[in-house]
Amino acid sequence: MPVDVDAVVLSNTQLSHDYNTVTLAAPRLADQAGPGQFVMVKATSGDDPLLRRPFSVFEILRDDEGRTTGISLLNKRVGVTTRALYALRVGDHVRCLGPLGQPFSLAAPPERAWMVAGGVGLAAFATLATSLRARQVDTTLFYGGRRADDLFSLEIFDALGVHLRLSTDDGSRGDHGNVTVPLRAAFASTDRATPVRVYACGPTPMMRAVTELAASEGRATDVSLEQVMGCGLGGCYSCVVPVRGPAGTHFVRSCLDGPIFDGGSVVWEQLGE
Amino acid sequence: MSVDLSVDVGGLRLANPFIAASGCFGYGLEYGDIVDLSTLGGIAVKGLFLEEREGHPPARIVETPSGMLNAIGLQGIGVRRFVADKLPPLRERGAVVIVNICGSTVEEYAEIARILDDADGVAAIELNISCPNISKGGMMFGSSLQGTHDVVSAVRRVTSRPLIPKLTPNVTDVASFAVAARDAGADAVSLVNTFLAMAIDVETRRPKLSNVLGGLSGPAIRPIAVRMVHECRQAATDLPIIGMGGIMTAEDALEFIIAGASAVQVGTANFVDPFVWDKLRDGLADYLVRHAVPSVAALVGTLDTTRGRTA
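Protein sequence lines correspond, in order, to chains A and B.
To get this note's numbering, take the position in the first sequence, counting from 1, and add 7.
To get this note's numbering, take the position in the second sequence, counting from 1, and add 14.
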């Protein structure tokens with residue numbers, strides 16, 4: 008059951024000029040959070056900005072005895088709320104409502120898991136990787152950024168035993184080009200009989216490209232979509248995703264039935280940017 | 015001192031004056047796990063047509079200063095599925111259900127009302143003659159006095175349930191629409207629906223909403239909504255009013271009540287804080303105690319304009 012916590016900021020690590028991770032004391036929320044679920048965040052008081060913003064739960068924090076203590080958020084400075092999150096100080100408060108949405112459905116051995124992340128889309132995958140590795144799934148992270156210093160938090164995935172396949176637009180780290188370059192190479196070197204589950208989170212054009220590339224290899228992709236949301240609880244019907252159904256396109260609320268969708272059923276042309 | 019929060023709005027009895035606004039609370043059940051639905055004064059469910067509708071493609075909302083624009087396009091499951099699937103669990107949870115209905119024609123409104131009149135657990139019918147985001151129906155009727163009269167009187171003929179037309183602010187003189195609704199048989203009116211508005215992405219030179227236009231809600235519209243409730247109260251003192259428009263706190267609700275609203279609807283605030291209901295009730299009760307007013311009903315329309323008028 009979702010809770011609304013007034014979480015205290017424990018740390019704010021600025022990873023670059025645009026990106027940071029914030030850790031928040033929120034044990035009641037962390038207790039319940041499943042892989043790929045999100046929280047609705049209000050980082051400022053007052054009526055402007057008015058609405059909360061959805062953020063993936065990045066990490067579940069634990070103390071030395073393994074008890075859950077809170078969550079972290081991976082943030083990219085873009086708008087008003089993300090600027091406020093970037094500038095948080097230890098001891099500040101952030102309201103977090105969650106966990107919300109449906110979690111990822113997990114691959115199981117011998118199936119392999121390929122997580123494909125672009126930019127801040129990485130945020131959906133730390134919890135997923137933890138769950139997958141707990142069940143011994145062979146897991147690879149394909150992660151693309153503009154430059155080498157856009158690739159963050161690799162140590163989290165490294166520590167879990169996740170294989171890393173990196174790419175940068177300028178070639179400064181990993182493959183030269185976008186994240187479909189190492190993904191395409193991985194498909195080329197993998198027998199079609201090998202079961203692989205593809206997960207994608209990042210910019211919409213990237214998720215569409217990954218879905219189409221995977222489909223051409225006969226693989227389905229679970230995409231984690233980041234629609235603009237009003238409430239996160241199914242009340243407003245703002246965050247709908249156009250999904251192909253038997254009677255034509257149907258608009259599905261991503262806060263309740265998502266944010267994870269079968270990429271093959273998404274009507275990408277109608278999704279917007 | 016114990017205070018009485020209950021209100022009567024044209025025959026609609028509510029335990030407290032706080033109603034979830036239509037379009038902002040789904041069918042109510044979405045919130046059933048986190049909010050005790052029986053503690054709300056009422057729930058105005060998402061607007062229903064006769065048939066299922068898909069609504070507009072995204073983008074459906076955009077935030078603006080202290081407000082938001084929406085153009086959802088009344089996505090919905092249709093009245094029959096609502097009666098079959100949603101009403102029974104709403105009844106079980108003790109919710110006071112106000113069904114918001116919309117039609118493309120006068121006949122469609124009447125047909126939906128007929129179905130609801132036969133259903134168990136409908137406390138009132140709210141007539142959506144004010145949605146600005148659909149090509150046929152909604153504001154098309156509510157922005158003409160004749161259209162308002164036609165819809166209200168047609169529905170009045172087929173139902174004895176409390177009938178509450180929801181008025182649009184996108185007219186020159188909203189009070190004349192309240193009078194027209196009353197004369198056609200309305201038991202109360204609710205106002206205001208959203209203000210027709212627009213936001214543009216200057217980089218792409220495209221509208222920010224797929225529907226180009228949308229409806230503005232939130233604290234940004236509150237002072238205009240309060241003024242309109244005041245005008246309706248002046249023009250039709252005998253007609254109960256449900257006020258709404260950017261109510262975030264009990265104090266905001268009090269403005270509407272003092273201006274003449276017997277009850278209020280809360281929409282956008284619920285997006286920001288789904289637990290807002292307890293705070294609203296507590297804040298209102300505290301106010302009544304502090305001012306030694308025994309009931310909400312005793313506070314309705316108690317605006318003192320003597321100073322304002324002589325200033």
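Cβ coordinates follow ideal geometry from the N, Cα and C atoms, glycine included.
Here the structure is a predicted model, which means the values were calculated and not measured.
Between Gln89 of chain B and chain A, the shortest Cβ-Cβ separation is below 7 Å. The C-beta distance from Pro9 of chain A to Ile48 of chain B rounds to 6 Å, short enough to fall under 8 Å. In the three-state reduction of the DSSP assignment, Leu181 of chain B falls in the coil class, being assigned neither a helical nor a strand state. Rounded to whole angstroms, the Cβ separation of Thr162 of chain B and Phe191 of chain B is 6 Å, and the two are in contact under 8 Å.
In summary, the residues of the region 70-85 of chain B whose CB is separated from some CB of chain A by less than 7 Å are Pro71, Pro72, Ala73, Arg74, Ile75, Glu77, Pro79, Ser80, Gly81, Met82 and Asn84, in the order they occur in the chain. Contacts with chain B at 7 Å (Cβ-Cβ) do not include Cys103 of chain A.
With a cutoff of 7 Å on beta-carbon distance, Leu95 of chain A and Met47 of chain A are scored as not near each other.
Checking the DSSP bridge columns, you'll see Asp215 of chain B partnered with B:Arg220.
Shown here, His163 of chain B sits in a helix according to DSSP, grouped into three states.
In this structure, Val310 of chain B places its C-beta atom within 7 Å of the C-beta atom of Leu19 of chain B.
Per DSSP, Ile267 of chain A lies in no alpha helix (DSSP H) segment; the continuous beta strand (DSSP E) that holds it begins and ends at Ile267 to Asp269.
Spatial neighbours of Gln277 of chain A in its own chain (CB-CB distance under 7 Å, excluding positions within 5 residues in sequence) are listed in chain order as Pro249 and Thr256. Leaving aside the five residues that flank Gly46 of chain B on each side, the residues in its chain whose CB is nearer than 7 Å to its CB run, in chain order, Arg107. Secondary structure note for Leu294 of chain B: it is in no beta strand (DSSP E), and the uninterrupted alpha helix (DSSP H) holding it is Val290 to Arg304. Taking a 10 Å sphere around the C-beta of Ser112 of chain A, we find fewer than 16 other C-beta atoms and assign the residue as exposed. If you check the CB distance, Leu88 of chain B and Ile148 of chain B come in under 7 Å. Within chain A, no residue has its beta carbon less than 9 Å from that of Asn207 of chain B; the closest one is some 15 Å off.
Taking a C-beta distance under 7 Å as the contact criterion, Ala299 of chain B and Val17 of chain B qualify as a contact pair. Chain A places a beta carbon closer than 7 Å to that of Cys38 of chain B, counting this residue as a contact.
Chain A has a Cβ within less than 7 Å of the Cβ of Glu68 of chain B.
Under the DSSP assignment, Leu268 of chain B falls outside any beta strand (DSSP E), being part of the alpha helix (DSSP H) whose first and last residues are Ala264 to Ala273.
Listed along chain B are Pro71 and Pro72, each with a C-beta nearer than 8 Å to that of Gln277 of chain A. In this structure Val21 of chain B is buried. Its beta-carbon is surrounded by 16 or more other beta-carbon atoms within 10 angstroms. Looking at the DSSP output, Ser231 of chain A shares a beta bridge with A:Ile267. Apart from the 5 residues on each side of it in sequence, Val169 of chain A sits with its Cβ closer than 6 Å to the Cβ of Ala136, Thr146 and Leu148 in its chain, given in chain order. Here Phe289 of chain B is exposed, its C-beta having fewer than 16 other C-beta atoms within 10 Å.
Listed in chain order, the positions of the region 44-70 of chain B with a beta carbon within less than 7 Å of a beta carbon of chain A are Glu44, Tyr45, Asp47, Ile48, Glu68 and Gly69. Along the region 269-288 of chain B, the positions whose C-beta sits under 8 Å from a C-beta of chain A are Thr282, Asn284, Phe285, Val286, Asp287 and Pro288, read in chain order.
At a cut-off of 7 Å, the C-beta of Leu92 of chain A has no neighbouring C-beta in chain B. Closest in C-alpha terms to Val85 of chain A, from the list A:His24, A:Arg35 and A:Thr76, comes A:His24. Taking CB atoms only, Asp11 of chain A has a neighbour in chain B less than 7 Å away. CA-CA distance, Val188 of chain B to Gly42 of chain B, rounds to 29 Å. Taking 7 Å as the threshold, the shortest C-beta distance from Cys238 of chain A to chain B falls below it.
Judged by DSSP secondary structure, Gly81 of chain B falls within the beta strand (DSSP E) whose first and last residues are Gly81 to Asn84. Within the DSSP bridge table, the entry for Leu171 of chain A names A:Leu148 as partners.
For Asn142 of chain B, the secondary structure class from DSSP, reduced to helix, strand or coil, is strand.
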